[in-house]
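Below: the structure, in structure tokens.
There are 2 protein chains.
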Amino acid sequence: MKKGRKIVEDKFDLHSLNKFASLMAMGNGYLGLRAAHEEDYAGQTRGLYIAGIYNKATVNETSELVNLPDISGFKIEINGDTFSLLNGKIHSYTRELILATGEVKREILWEIKGLRFQIVFQRFVSKENLHLLASKVTITSLDNDAVLKIVTGIDAQQTNFGKQHLIEEKVRIYNEKIMQGVYQTTESSHRISLAAACTFQGETDVNFSAKNRQLLTSIKHEIKKNQPFIIEKAGALFTSLDQGVNDPEKDAFQLIEETLLDGYDTLLEKSAFKWQEFWHKKRVSIVSENEFDQTAMDFALYHMEIMTPAHDQRFSVGAKGLTGEGYKGHVFWDTEIFIAPFHLFTEPKTAKKLLTYRYLHLQQAKEKAQLNGYEGALFPWESAFSGEEETPEFAAINIRTGIRQKVASAIAEHHIVADIAFAVVQYFENTKDEDFMKKEGLSLLKETSRFWLSRAVEEDGQFSIKDVIGPDEYTEHIDNNAYTNYMAYFNVKQTLFFMGKYGDQDGELIERGNDFLNRLYLPVPNKEGIIPQDDTFLNKPEIDLAKYKEKQGSQAILLDYSRQEVNEMQILKQADTVMLLYLFPDLFPADIVAKNLHYYEKHTIHDSSLSKAIHAIVAARCGDMEAAYRFFQEACLIDLGPNPHSSDEGIHAASLGSVWLAGVFGFANVILKNNTLSINPKLPADWSKMSFPFYCRGSRLEILLTPNQVAVTLISGPALTVEINGNEYLVNEEIEVNL
Amino acid sequence: MKKGRKIVEDKFDLHSLNKFASLMAMGNGYLGLRAAHEEDYAGQTRGLYIAGIYNKATVNETSELVNLPDISGFKIEINGDTFSLLNGKIHSYTRELILATGEVKREILWEIKGLRFQIVFQRFVSKENLHLLASKVTITSLDNDAVLKIVTGIDAQQTNFGKQHLIEEKVRIYNEKIMQGVYQTTESSHRISLAAACTFQGETDVNFSAKNRQLLTSIKHEIKKNQPFIIEKAGALFTSLDQGVNDPEKDAFQLIEETLLDGYDTLLEKSAFKWQEFWHKKRVSIVSENEFDQTAMDFALYHMEIMTPAHDQRFSVGAKGLTGEGYKGHVFWDTEIFIAPFHLFTEPKTAKKLLTYRYLHLQQAKEKAQLNGYEGALFPWESAFSGEEETPEFAAINIRTGIRQKVASAIAEHHIVADIAFAVVQYFENTKDEDFMKKEGLSLLKETSRFWLSRAVEEDGQFSIKDVIGPDEYTEHIDNNAYTNYMAYFNVKQTLFFMGKYGDQDGELIERGNDFLNRLYLPVPNKEGIIPQDDTFLNKPEIDLAKYKEKQGSQAILLDYSRQEVNEMQILKQADTVMLLYLFPDLFPADIVAKNLHYYEKHTIHDSSLSKAIHAIVAARCGDMEAAYRFFQEACLIDLGPNPHSSDEGIHAASLGSVWLAGVFGFANVILKNNTLSINPKLPADWSKMSFPFYCRGSRLEILLTPNQVAVTLISGPALTVEINGNEYLVNEEIEVNL
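These protein sequences, in sequence, are chains A and B. Just add 291 to the spot in the first sequence (first one is 1) and you have our numbering. Just add 291 to the spot in the second sequence (first one is 1) and you have our numbering.
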């Protein structure tokens, strides 16, 4: 990765504290740490999370990702004045998330009572050792000697917005250096151990204390003019959920004890080396008139990497990754449809783990189906560690009426079942992993198919799928949602195919499956060429959405109309039929695709962050590059845009995944067909070059695109046939095709 | 009360945020509200508490006073800049707790980006309606028009230092004005309802929202130059524990609805009128060279009034009142010995309620006795709502050794049993309340006596009380603590007296009681005239305590010596034998009292806030006025002194009670003897006048002292014989005695 690729905040702003804490979050898939400032500010949300560590605060609530005790906070006093950027005068301020190394660095020239101090904060979560994180604070007094007091420790006063999930079991100081706190979740009974220690040079007066769930190290030091004082802190986290770990307490202690031998810089170097490998293997390089395109793509990849628990197939990716508490850290269809492809086409074993997470919870999905009167597996709309349905039964109370509406998604947003099946097939298509497919894959396909067979109802000799919610959540409880029906069809069809392939003899399933395929109603374009999103959608009245599109992402329409009223108009929150067109590029002829893209986009507010990039892809394939690039750019702004509160509760995981999708499946227009990989680039006018790695069926490729050329290099694996603009080429070493 | 009596903070200081939040706390015995600033600061502890509302966060913890959802916070933005005293420039700042009216008022001239704003915050807890509190914020833009945004609401993200005790049951907005939150404690299952509403004038854009346990009103207003914008907020609290309340939800709503008709000023006036009555009836007036003496006395009375749940006999006074979370809001002997006397001698029905609290928990005390192998009633060292022992079984972990020591107080600090009996007798002595004494009083006396009979062990024909902790908590597990033995003796003796008086025929108790009195070992002065604090104390080595006395209150000795080592030396944390001398002024001759005061004070660090004022009283009685006044002044500084963290977790209730004790029983030297009230004033040299109300056996007196005169006025009730410097006077209307 080129030096200097960074996310930069160049002024301190109280309003965007929590946004940048999310954007600049650090992590490694095992743990995630929000980039809350070292010093506290009212309203600043700190966050430290471990994949899989969920808890129910009370019996009637759903599980939430636990905000763990903080070890990133430092309270600094200089000559008795508390360091805060609200206090004193800021001469200069920069904070950077250095994507190349995974480090967040903040440099401040601060003046208080006429004296200036250079203060540098550095922090990272190790990519080399998943349990490790480290901080470094360097303070230089520029005008005079000064008395410094620093307090830092393990602070278990953190909550999930006031909810406490942890019992403090034990706090200890070992060897007058290592702090350790051991905690237990109140309901899920996971044990979490945090150890941390500070190192520093020079004469210091050090004290330890424990009170009110805070275990603290206090350091006093007389800092000399122009002699930097450096304090480093390393932290280790282990839990009873860790695989192969017997004693989180001992392990955390040992890791810190060993780590103390290395300094911050060495630890960072080890971690940065892993990041270097990552970028080397996975980066999508873009040469664009707009440098931001590359930044946004890097940002997306960085976050996909830190959000994904690639170390453990018992966990999946939360809607906000490990960067915040939005959606309580729950797992949605986002994983299979928006995030898994990046892994599948660069590191398929990670995609396999994400599917295994579903496989491990087939039992819970079957129980949910049964509870709802269906057969097979009905995967939960939201899930966490247990694999049970975690969607809150009721939505937040309507504060004016006092009514809590039942959340419909868990009851009716059933397309997730087929989304998972789709990802299973996609995984197999790109890996030919027969071992997985025979066992986990086929089980998932069969049980998801069984669900659809029981879900459909027979009417006039046809099967309908009634009372569902499609991806578009502004249209609820409708019949024969095109996306859902086509996906269910694909699900069952592929199941029968793989049953045949592996000689599965389940006659009843085969028979019912064939009947389902023969008789399932699949909406077709009407005489204007529009595929009806559902049975009633096209008959509903339309309104001018311009006003709401301007405020997209804010759900401003719900201020003017009730959900029920919105439901009765042609208003989409997000891609629905367009989503279908994206997943099945060849399902309809090009002109139908274009017509539907145009029609539905006009009716879409894009209030969901999942919408924009999908439109970019379909628009690119339709050749509407102006729209495609605009959608792409807008998708890139979902987290990185100017709204100071867009990402307070965490980044938008699926949206970031879709930035990669837009690049690779949109602009590079890569399509994996039955036996070939096709590339028909649709680069935006502003892009003069795009290159990216692509894994396909055992072969690792580097694909380079310019407006006039496609070059494909085989990095490893067998030779591969690639179709470029309609012509087939065998890629043995490298091919270059002029367009 | 004279106008202008105030506690003043004249500069904003981050270090003393929590101290002043405690000192300036408002309340009415039903609820207490910390004076945390309206705007948030990192590390600032907000607190709103209701007497009796305790909860256990987890099964193994003890109950703690629940920090309720906050309604005092206001987030203010002016032209997009967040109001904070760390931000911008403070031209002037004053905050006052106006003791006369119970209001806290803060006036700030604040500049941000070159524009100046006058901001005035006012707040009080109603003394007229126990469920009510109100705020007022006045903002004047001095240089230009400006855009104001104010957000305030009901914030249930509050915790007890990270522990959450409340489930959010419901949040509502009624009539586009009234916010209401209903909560339930997780273990004790109390329901708490808070309602609040804002009023303001002028064109404003108002929005309501609820998220993450916060129910908020957001107000936008364009403020014109020099036109003050006023926002008022009233809050109401009701709980399922309230007596005579059936529906806390409805009641809170109704109170706010009614209250909206009154403005802040009217509500304050009603409350201030009640405060006026209070001061009129209860104030101790002091004319001193040091004006602070009067301030400290007023401060003590103010806090005794707001800490005492005079409305409900099911509750008592916590060690920090309702001003903070120190000692988890638990009730100690502090109530009976340090706080109840103020009530007994000014408003005896309140003292009766505090005793009734104990009476209502006789059952739990009997169970505790039984559990510990004793008879009768062993009152818990710490108690809350249930009346069960709430002392944590183990002390905080020793962070270096990992060992949690058993807390000895619950096991051995048994003098509380006799302290309660003492208060019962004192109550009767001053009220002649036969109804109470026949039933509640005698029950308490008999059961506490039974405890002592079973607690004593026979050795060589004598009864000893072994393995106790006296008031001095630096000396643990000793035998025959003088204080404890004499108090136990008094307890049993008085019990037999009242049994006789009321013809109680419990022969066994009478017989065992007499035997106990005949044979209980009561330490007597040794040949140097020193009463041994316990069997071994006087044989222990002594060290020079000067260094620790300098840091008194900080327990600095425990940094140099272990608790066990301290235990083996002649080191006192607080008054112990001196405490005994205070409670029984006539037990020993004057020279013995003086010798013991001198001897024990030399060995006392005064690390307990209960110590100083008791020494002041005994020193005054000994005529050592220099020492007495010094002790008194030091006692007054326990909360009001310069230490910025002295009172972070709440004021020192007992210490404040003892300031009154020192005035009335020390300097006025009032002693209630069998049939007369004796007054032998010992005014400090700096005091030219002291006057105070005093209730005695149905008569309300006003006692006025000068260095040369005692004047006693009968305000109401029957004529009373008063002994002044050895001569008896019948007070019919008013007497003046020249000294």
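Glycine is no exception: its CB is placed at the ideal position from the N, C-alpha and C atoms. All values derive from a computational prediction rather than experimental measurement.
Output the residue ranges of the alpha helix (DSSP H) runs that lie fully inside the stretch 576-636 of chain A and measure 4 residues or longer, sorted by chain position. 582-598, 631-635
Answer yes or no: do Leu1031(A) and Ile756(A) have a C-beta to C-beta separation smaller than 8 angstroms? No answer is possible for residue 1031(A): the residues shown for chain A start at 292 and end at 1030.
Going by DSSP, what residue range makes up the beta strand (DSSP E) through Pro984(B)? 978-987
Whole angstroms are fine: how far does the CA of Ile344(A) sit from the CA of Val357(A)? 6 angstroms
Along the chain, where does the alpha helix (DSSP H) containing Phe807(A) start, and where does it finish? Note, Phe807(A): alpha helix (DSSP H), 798-810.
Which word fits Leu818(A), buried or exposed, when buried means at least 16 other C-beta atoms lie within 10 angstroms of its C-beta? Residue identity check: residue 818(A) is Lys in the sequence provided, not Leu. Lys818(A) comes out exposed.
At a CB-CB cut-off below 9 angstroms, which residues of chain A make contact with Asp898(B)? Simply none; closest approach about 17 angstroms.
Which word fits Glu673(B), buried or exposed, when buried means at least 16 other C-beta atoms lie within 10 angstroms of its C-beta? buried
Step through the CB atoms of chain A and report whether any lies within less than 8 angstroms of the CB of Asn309(B). no
Can you tell me whether DSSP reads Met790(B) as helix, strand or coil? Helix at Met790(B).
Give me whichever residues DSSP pairs with Glu750(A) in a beta bridge. Answer by DSSP bridge pairing, in chain order: Gln753(A).
Compute the beta-carbon to beta-carbon distance between Gly948(B) and Met595(B), rounded to the nearest angstrom, for a pair I have assumed lies under 8 angstroms. 6 angstroms
Hey, would you say Ile430(A) sits closer than 8 angstroms to Pro519(A), going by beta carbons? yes
Strictly by DSSP, which residues pair up with Glu680(B)? According to DSSP, Glu680(B) bridges with nothing at all.
May I ask you to verify whether the stretch 363-374 of chain B touches the stretch 414-434 of chain B, counting CB pairs closer than 8 angstroms and requiring at least 3? yes
Quick one: measure Cβ to Cβ for Ser938(A) and Ser363(A), integer angstroms, because I've assumed they're closer than 8 angstroms. That pair is no contact at about 18 angstroms.
Return the CA-CA distance between Glu917(B) and Ala953(B), expressed in angstroms with no decimal places. So the two alpha carbons sit approximately 14 angstroms from each other.
Skipping 5 residues on each side, what residues in its chain have a beta carbon closer than 7 angstroms to that of Gly554(A)? Glu523
Using a Cβ-Cβ distance under 8 angstroms, would Asn1029(B) count as near chain A? no
Taking the alpha-carbon of Tyr718(A) as reference, which of Asn498(A), Ala709(A), Gly732(A) has the nearest alpha-carbon? Gly732(A)
Rounded C-alpha distance that separates Leu829(B) from Leu850(B): 24 angstroms
Under 8 angstroms between the Cβ atoms of Val416(A) and Asn319(A)? Going by C-beta atoms, Val416(A) is nearer than 8 angstroms to Asn319(A).
Where Tyr332(B) meets chain A, residues with beta-carbon distance less than 7 angstroms: Ala333
Return the CA-CA distance between Ser740(A) and Met778(A), expressed in angstroms with no decimal places. A direct Cα-to-Cα measurement between Ser740(A) and Met778(A) gives close to 11 angstroms.
Find the residues of chain B that neighbour Thr373(A), judging by a C-beta separation of less than 7 angstroms, and give them in chain order. Leu305
Excluding five sequence neighbours on each side, which residues of the same chain lie with their C-beta closer than 7 angstroms to the C-beta of His602(A)? Gly320, Tyr321, Leu421
Give me the subset of the stretch 459-485 of chain B whose CB atoms are less than 7 angstroms from a CB atom of chain A, sorted by chain position. Lys461, Val462, Arg463, Ile464, Thr477
Could you give the DSSP three-state label for Gly472(A): helix, strand or coil? strand
If we count the other Cβ atoms within 10 Å of its Cβ and call it buried at 16 or more, is His456(A) buried or exposed? His456(A) sits buried, since 16 or more C-beta atoms from the chains shown fall within 10 Å of its C-beta.
Give a yes or no on whether 8 angstroms exceeds the smallest Cβ distance from Leu506(A) to chain B. yes
Chain-ordered neighbours of Leu872(A) on chain B, where CB pairs are closer than 9 angstroms: Among the residues of chain B, none has a CB under 9 angstroms from the CB of Leu872(A); the nearest is roughly 35 angstroms distant.
What would DSSP say about Thr895(A), mapped onto helix, strand or coil? strand
Using a Cβ-Cβ cut-off of 8 angstroms, state whether Ala881(B) counts as contacting chain A. no
Could you give the distance in angstroms between the alpha-carbon of Thr722(A) and the alpha-carbon of Phe633(A)? 14 angstroms
Residues in the stretch 679-711 of chain A with C-beta within 8 angstroms of chain B's C-beta atoms, listed in sequence order? Ala687, Ile688, Ile690, Arg691, Gly693
Please determine if the stretch 532-544 of chain A and the stretch 434-454 of chain A are in contact, where contact requires at least 3 C-beta pairs separated by less than 8 angstroms. In short, these stretches do not touch, since the Cβ pair count stays below three.
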